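> Here it is, the structure, as structure tokens.
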Amino acid sequence: MKINQPVTDHEIPMKEGSILVSRTDLKGMITYCNRDFIEISGFTESELIGSSHNMIRHPDMPPEAFEELWSTIKDRRPWSGLVKNRTRQGDYYWVRANVTPLFEHGRVTGYMSVRTQPTRMEIEQAEALYKDITARKASMKPTGIAALVSKVKGISIRYFNIGYGLLSTITLLLLAFIISLEPGNAVIYGFIGLMAVLYMIGLLSLPTMYPRHLSTPRRNSSRS
Amino acid sequence: MSEIPEADEQTSLVDLEEFLSFDLAGERYCLEILHVQEIRGWEMVTRVPNQPDYVLGVLNLRGAIVPVYDLRIRLGMPQGIYGKETVVIVIHLKREGKNKSIGIVVDSVSDVIEADPKQLLATPEFGENLDTTVLKGIIPADDNMVMLLDIQQIHPVVEGINEEVSNETAGAR
Chain E
1 MKINQPVTDH EIPMKEGSIL VSRTDLKGMI TYCNRDFIEI SGFTESELIG
51 SSHNMIRHPD MPPEAFEELW STIKDRRPWS GLVKNRTRQG DYYWVRANVT
101 PLFEHGRVTG YMSVRTQPTR MEIEQAEALY KDITARKASM KPTGIAALVS
151 KVKGISIRYF NIGYGLLSTI TLLLLAFIIS LEPGNAVIYG FIGLMAVLYM
201 IGLLSLPTMY PRHLSTPRRN SSRS
Chain D
1001 MSEIPEADEQ TSLVDLEEFL SFDLAGERYC LEILHVQEIR GWEMVTRVPN
1051 QPDYVLGVLN LRGAIVPVYD LRIRLGMPQG IYGKETVVIV IHLKREGKNK
1101 SIGIVVDSVS DVIEADPKQL LATPEFGENL DTTVLKGIIP ADDNMVMLLD
1151 IQQIHPVVEG INEEVSNETA GAR
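As you go down the protein sequences, you meet chains E and D in turn. First residue of the first sequence? That's 1 in my numbering, and the numbers climb one at a time after it. First residue of the second sequence? That's 1001 in my numbering, and the numbers climb one at a time after it.
Structure (structure tokens):
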């Protein structure tokens, strides 16, 4: 994901009654922007046209919000929600974005976003929700052995889980085989105990690897 | 030197207005984009008794009660099939000094167009069968024409429930 920096704490309020309009192609490249949008964005028209729409993305926005946006409009449905945008100078402005696919004879030709001024209350709710999503995501990062392994080997958590399951099963089967060969050997029992402890530690770190499904920002903001 | 291109830019932009165009039974209509409040997917509305057939019901838009109209029926066309691509355009308008929001159901959104309002052509009279009061005029755009909706005429003010609805909407905004 593209992270636009730097950012400031300075909010640019949307002008009363102004409406920001932009249109993109199917890949999200800007093909049209209106004057109000150009003005608040701080970019020039020629900088915006042909650029990816994520150039105005603010780093405070959780990527999940945009994932939901894109999956909705790719499913040919409109999406409405609060978005914090970044100006060229790094300032921010909140909008209610209404993003909709554009149809020409039943075929989607691009997407359009019509942005209006949200109320202060809507902004506060969205701000809290997005902060919450970002914080929860941080807490869902893997811990313990899983984090260590994934960090060291750079493998994804899912493969770690599969690998972990396979490895522990094989080890247990192997131990069972050894015991059947030489029952009553204290060294082997000690080794089994050690393996069991390691296995338990691994198990304890498992729940952190399965994040709970996030409640989507759109549903939350429209319910409120 | 630098003043000249600026002046050019000003004159080329100042006269243009933006319109949101949408499809309705294969024809293209539009409305002033400044009136657009929200664009939403179709969802079930709460029916309200004793209303004309083009009044579908009301929608709860974050606490504001918004009446929703079927634009096809309003324009004298048969009702379309509502699917996931069906869109409700929520527009805000001023009526008797009050802010009011209404929703209109359209088939799909097609584009944003810039046009000079001076180029607006008058809607021809088609005879008494066609209600053309809902149209403000026709905008010539590229190779075809787009009919400009007169949003004030979608649902003329009548007494009773609609007044209540408009008051509630105005209060919530």
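Ideal placement from N, C-alpha and C gives every residue a C-beta, glycine not left out. Given the structure is predicted, the values throughout are model-derived calculations rather than measurements.
1) In or out: M14 of chain E buried (at least 16 other Cβ within 10 Å) or exposed?
2) Give me, in chain order, the residues of the same chain whose beta-carbon lies closer than 6 angstroms to that of S1021 of chain D; leave out the 5 immediate sequence neighbours on both sides.
3) Any chance you could list the beta strand (DSSP E) runs of at least 3 consecutive residues sitting entirely within the stretch 1085–1117 of chain D, in chain order?
4) Mark G193 of chain E as exposed unless 16 or more other C-beta atoms lie within 10 angstroms of its C-beta, in which case mark it buried.
5) Residue range of the alpha helix (DSSP H) that F37 of chain E falls in?
6) Express the C-alpha separation of I1065 of chain D and K1098 of chain D in angstroms, rounding to a whole number.
7) Could you tell me which chain E residues have their CB closer than 8 angstroms to the CB of Q1037 of chain D, listed as they occur along the chain?
8) How about the stretch 1074–1093 of chain D and the stretch 59–74 of chain E: do they share at least three Cβ pairs that are nearer than 8 angstroms?
9) If you draw a straight line from the alpha carbon of V114 of chain E to that of V1036 of chain D, how long is it in whole angstroms?
10) For I73 of chain E, report the span of its alpha helix (DSSP H) as first-last.
11) Does the Cβ of S46 of chain E have 16 or more other Cβ atoms within 10 Å, making it buried, or fewer, making it exposed?
12) With 9 angstroms set as the bound, which would you pick, yes or no: does the beta-carbon of K1098 of chain D sit closer than that to a beta-carbon of chain E?
13) Would you call the stretch 28–46 of chain E and the stretch 1049–1063 of chain D touching, i.e. three or more CB-CB distances under 8 angstroms?
14) Against chain E, with Cβ distances strictly below 9 angstroms, would I1102 of chain D count as a contact?
15) Hey, how far is the Cα of T116 of chain E from the Cα of E64 of chain E?
16) In whole angstroms, what separates the C-alpha of K131 of chain E from that of F191 of chain E?
17) Please return the same chain residues whose Cβ sits closer than 7 angstroms to the Cβ of I162 of chain E, not counting the five positions on each side in sequence.
18) Can you give the Cα-Cα distance for G17 of chain E and M29 of chain E, rounded to whole angstroms?
19) Could you give the uninterrupted runs of the beta strand (DSSP E) lying entirely in the stretch 99–139 of chain E, keeping only those of 3 residues or more?
20) How many angstroms separate the CA atom of E1163 of chain D from the CA atom of L1059 of chain D?
21) Any contact of the stretch 89–96 of chain E with the stretch 117–126 of chain E, i.e. 3+ C-beta pairs under 8 angstroms?
On the basis of the data shown:
1) As a position in the first sequence, residue 14 of chain E is number 14, starting the count at 1. Under a 10 Å Cβ-count criterion, M14 of chain E is classified as buried, with 16 or more other Cβ atoms of the shown protein chains found around its own Cβ.
2) Counted from its first residue, the second sequence places residue 1021 of chain D at position 21. Cβ neighbours of S1021 of chain D beyond the five flanking positions: R1028, C1030, S1110, D1111, I1113, V1146.
3) 1087–1095, 1098–1106, 1108–1115
4) For the purposes of this step, residue 193 of chain E is identified with residue 193 of the first sequence, where counting begins at 1. Within 10 angstroms of the beta-carbon of G193 of chain E lie fewer than 16 other beta-carbons, which makes it exposed.
5) Residue 37 of chain E sits at position 37 when you count from the first residue of the first sequence. It spans 35–41 - the alpha helix (DSSP H) in which F37 of chain E sits, taken as one unbroken run.
6) For the purposes of this step, residue 1098 of chain D is taken as the residue at position 98 of the second sequence. For the purposes of this step, residue 1065 of chain D is taken as the residue at position 65 of the second sequence. Each residue's alpha carbon lies about 15 angstroms from the other.
7) Residue numbering aside, residue 1037 of chain D sits at position 37 when the second sequence is read from its first letter. In chain order: T116.
8) Contact between the stretch 1074–1093 of chain D and the stretch 59–74 of chain E is absent: fewer than three C-beta pairs spanning the two stretches fall below 8 angstroms.
9) On the first sequence, position 114 is the one that residue 114 of chain E refers to. On the second sequence, position 36 is the one that residue 1036 of chain D refers to. Approximately 8 angstroms between the Cα atoms of the pair.
10) Position 73 of the first sequence holds residue 73 of chain E. Start and end: 63–74.
11) Taking the first residue of the first sequence as 1, we reach residue 46 of chain E at position 46. By the neighbour-count rule (16 or more Cβ atoms within 10 Å), S46 of chain E is not buried but exposed.
12) The residue you call residue 1098 of chain D lines up with position 98 of the second sequence. It does not: the Cβ of K1098 of chain D has no partner Cβ on chain E nearer than 9 angstroms.
13) no
14) Within the second sequence, residue 1102 of chain D is the residue found at index 102, counting from 1. With 9 angstroms as the cut-off, I1102 of chain D does not count as an interface residue toward chain E.
15) For this step, residue 116 of chain E is matched to residue 116 along the first sequence. For this step, residue 64 of chain E is matched to residue 64 along the first sequence. Going from the Cα of T116 of chain E to the Cα of E64 of chain E covers about 22 angstroms.
16) Position 131 of the first sequence, counted from the first residue, corresponds to residue 131 of chain E. Position 191 of the first sequence, counted from the first residue, corresponds to residue 191 of chain E. About 46 angstroms.
17) Within the first sequence, the letter at position 162 stands for residue 162 of chain E. So the list is empty, once near-sequence residues are dropped.
18) The residue you call residue 17 of chain E lines up with position 17 of the first sequence. The residue you call residue 29 of chain E lines up with position 29 of the first sequence. Rounded to whole angstroms, G17 of chain E to M29 of chain E spans 26 angstroms at the Cα level.
19) Segments of the beta strand (DSSP E) lying fully in the stretch 99–139 of chain E: 107–116.
20) Start at 1 with the first residue of the second sequence, and residue 1163 of chain D comes out as number 163. Start at 1 with the first residue of the second sequence, and residue 1059 of chain D comes out as number 59. Because E1163 of chain D carries a pLDDT of 45, less than 50, the predicted location of this residue cannot be relied on, and the following value inherits that uncertainty. Answer to the nearest angstrom: the Cα atoms are 16 angstroms apart.
21) yes
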